[in-house]
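Below is one structure; the comments refer to it alone.
In the numbering used here, the protein residues as written are 57 to 667.
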């Protein structure tokens, strides 16, 4: 046993373990509360303390949001008894709700943090219902009570109206000042039940996350449900069937700290020299290599990507580097998918799936920062369902996969149920916004006399681009939203094809509603005209539906005065030079290639609200 292992805290009995997570809406104080719990339990010293201790990615610290769920083991004593508290800090943005779902499966309780000034918001509702469905014990906390604009009594009423939580069960705290942290720790010990695992039973551990390490292979993060695992044990991953020898186990304090063993109820990591990243699947079960008949644990509902875009290397020689970078990222982000793809305009690349636009943006930035790969990203799109004339239902992710019109009996688009929480006086703008996006009204609920929930079913394609930004403007910043996919709905959809100099650019083509096609086409071409640089020949931009052109723009050619040096003389000399220039431009137009920059592929994101 190494010196670090000897220094590691010993395992505790199952009855003295508490596994809990923190859930809340964005910016309600999850990470700040986690920081305070780390300080109070001595997991980090005041000298080493910094804000967002558990947010160790540069992107998380720059944006002030949590992207990856983080686990940390806390040691806490009360009345001379030692407890192990395993805390998981979760994201709050709707695009990372899958991280919350995975965290809930590793816990028995959840701290529900609500801002005393903002009150109950969209992700508060969504995350709470997820925790209730997972069977977790909810400990409600009213945070930021020290703010001068705190609405304590009103927000307590919202919690009671929305979730039926009695005001006396809600803890009041300020994560910023540390007020109420001791009461929160006591509530975790008293209200959150201990795990039900048996340390003497055969090993069963749930993989809830993983990461690739250049020197140690794939490191898996596990919640041990039954049994125990230690160094030199041989384990089997039931999903892939791979057998590996454990080199190290440990917990996060918050840095990875080796331990002698991980027993039932504990959360930690396992290093087993796993070389192939395809052997590890999030939600898989770890068992002893020689154990027979060990049933797999209930895993996770696989998240289905609902936003797709193409990622292509700027240099064709970087294709393999991009593929390796995507594989490493896929190991750490199970909601991200990719498949090889080719484009006439961009060459070889990958078709990638995401849960939303923020998720897509984060993945692109992580690829560029962590793997140093220069990317060209195409415009995002959503999946559709096609019912062919033979009755076959086919899911398509790109407009190029759409069969010919005579083979299509029905086109269906994904629909999401959007819940907007806003002040009562903003009801009218929200209704107008949802109806402009072809939304179908569902219901209205009042949280309090001043706040209301408005629910609409809206096509996903009309939500992912700028619905959130326009909603924020319509509610003067006070509105919040959450959405969940409800299914596919038949609609009058068409393929909007873009031509540049008569050549179809598949990366710019989209599927839109017929009533919006002409407006979207004209707006797209105007955006392209601004982004594509001028060439030595005229560039014609067209948008069409089938064989019908519905919009046209042109980019004027760069001109050179070839007669500038002709001073006087016969006019035929000037005509000869002009004719020669004209012939050159005609020939160049036939063989010339239009260079389309990266910004042009994002032009379909332009909604033209201010145009």
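Note that beta-carbon positions come from the ideal geometry of N, C-alpha and C, so glycine has one too.
8 Å contact criterion, which residue i and residue j should meet: CB distance rounded
{"i": "residue 54", "j": "residue 175", "result": "This structure gives no information on residue 54, because the portion of the chain shown stretches from 57 to 667."}
{"i": "residue 478", "j": "residue 531", "result": "4 Å"}
{"i": "residue 411", "j": "residue 361", "result": "6 Å"}
{"i": "residue 73", "j": "residue 142", "result": "7 Å"}
{"i": "residue 268", "j": "residue 384", "result": "5 Å"}
{"i": "residue 250", "j": "residue 282", "result": "Actually they are not in contact, since the Cβ atoms of residue 250 and residue 282 sit about 14 Å apart, beyond 8 Å."}
{"i": "residue 509", "j": "residue 475", "result": "6 Å"}
{"i": "residue 715", "j": "residue 591", "result": "With the chain represented from 57 up to 667, any question about residue 715 goes unanswered, as that position is not in the structure."}
{"i": "residue 515", "j": "residue 471", "result": "6 Å"}
{"i": "residue 325", "j": "residue 312", "result": "6 Å"}
{"i": "residue 453", "j": "residue 407", "result": "7 Å"}
{"i": "residue 551", "j": "residue 455", "result": "5 Å"}
In DSSP terms, what residue i is bridged to
{"i": "residue 307", "result": "313"}
{"i": "residue 547", "result": "None; residue 547 has no bridge partner."}
{"i": "residue 609", "result": "597"}
{"i": "residue 55", "result": "Residue 55 lies beyond the range of the chain shown here (57 to 667); nothing can be said about it."}
{"i": "residue 555", "result": "560 and 598"}
{"i": "residue 34", "result": "Outside the shown range of the chain (57 to 667) lies residue 34, about which nothing can therefore be said."}
{"i": "residue 496", "result": "513"}
{"i": "residue 132", "result": "139"}
{"i": "residue 344", "result": "291"}
{"i": "residue 367", "result": "406 and 433"}
{"i": "residue 538", "result": "475"}
{"i": "residue 171", "result": "199"}
{"i": "residue 144", "result": "77 and 127"}
{"i": "residue 326", "result": "276 and 305"}
{"i": "residue 319", "result": "284"}
{"i": "residue 466", "result": "443"}
{"i": "residue 502", "result": "508"}
{"i": "residue 568", "result": "550"}
{"i": "residue 604", "result": "601"}
{"i": "residue 393", "result": "409"}
Nonlocal neighbours in the same chain, by C-beta distance under 7 Å from residue i, ignoring five residues either side
{"i": "residue 517", "result": "438 and 469"}
{"i": "residue 429", "result": "369, 374, 377, 378, 381 and 423"}
{"i": "residue 497", "result": "512"}
{"i": "residue 171", "result": "84, 85, 199 and 200"}
{"i": "residue 603", "result": "none"}
{"i": "residue 353", "result": "260, 262, 281 and 341"}
{"i": "residue 163", "result": "75, 76, 77, 144 and 192"}
6 Å CB neighbourhood of residue i in its chain, flanking five on each side removed
{"i": "residue 165", "result": "76, 192, 193 and 248"}
{"i": "residue 404", "result": "375 and 398"}
{"i": "residue 144", "result": "77, 125, 127 and 159"}
{"i": "residue 607", "result": "577, 578, 581 and 599"}
{"i": "residue 182", "result": "538"}
{"i": "residue 261", "result": "278, 280 and 342"}
{"i": "residue 493", "result": "514 and 518"}
{"i": "residue 197", "result": "167, 169, 227 and 229"}
{"i": "residue 389", "result": "none"}
{"i": "residue 413", "result": "520"}
{"i": "residue 536", "result": "177, 178 and 477"}
{"i": "residue 92", "result": "231, 234 and 237"}
Sequence-distant residues of its chain with Cβ nearer than 8 Å to residue i (five each side left out)
{"i": "residue 336", "result": "263, 266, 274, 276, 293, 296, 330 and 387"}
{"i": "residue 286", "result": "302, 305, 316, 317 and 318"}
{"i": "residue 71", "result": "250"}
{"i": "residue 97", "result": "130, 131, 132, 141 and 241"}
{"i": "residue 202", "result": "230, 232, 233 and 235"}
{"i": "residue 487", "result": "497 and 510"}
{"i": "residue 69", "result": "none"}
{"i": "residue 212", "result": "198, 223 and 226"}
{"i": "residue 431", "result": "367, 368, 369, 370, 378, 420, 423 and 424"}
{"i": "residue 57", "result": "In this prediction, residue 57 scores a pLDDT of 43, lower than 50, which makes its location untrustworthy; no coordinate-derived value is stated."}
{"i": "residue 216", "result": "222 and 223"}
Sufficient close CB pairs (3 or more, under 8 Å) joining the segment 129–142 to the segment 229–247:
yes
Please give me, in chain order, every unbroken run of the beta strand (DSSP E) with length at least 3 that falls completely inside the segment 65–104.
73–80
Length at least 3, wholly inside the segment 395–459: the beta strand (DSSP E) runs in chain order:
403–410, 431–433, 440–444 and 449–452
With a cut-off of 8 Å, do at least 3 Cβ pairs link the segment 311–325 to the segment 226–239?
no
Given 8 Å, three or more beta-carbon pairs between the segment 543–551 and the segment 586–595:
With the cut-off at 8 Å, the segment 543–551 and the segment 586–595 do not touch.
Just checking, does the segment 522–536 make contact with the segment 554–571 on the three C-beta pairs under 8 Å criterion?
no
What runs of the beta strand (DSSP E), each 3 residues or longer, lie entirely inside the segment 221–304?
260–269, 273–282, 284–286, 290–293 and 299–301
Segment contact, 8 Å Cβ cut-off, at least three pairs: the segment 494–506 with the segment 435–449
no
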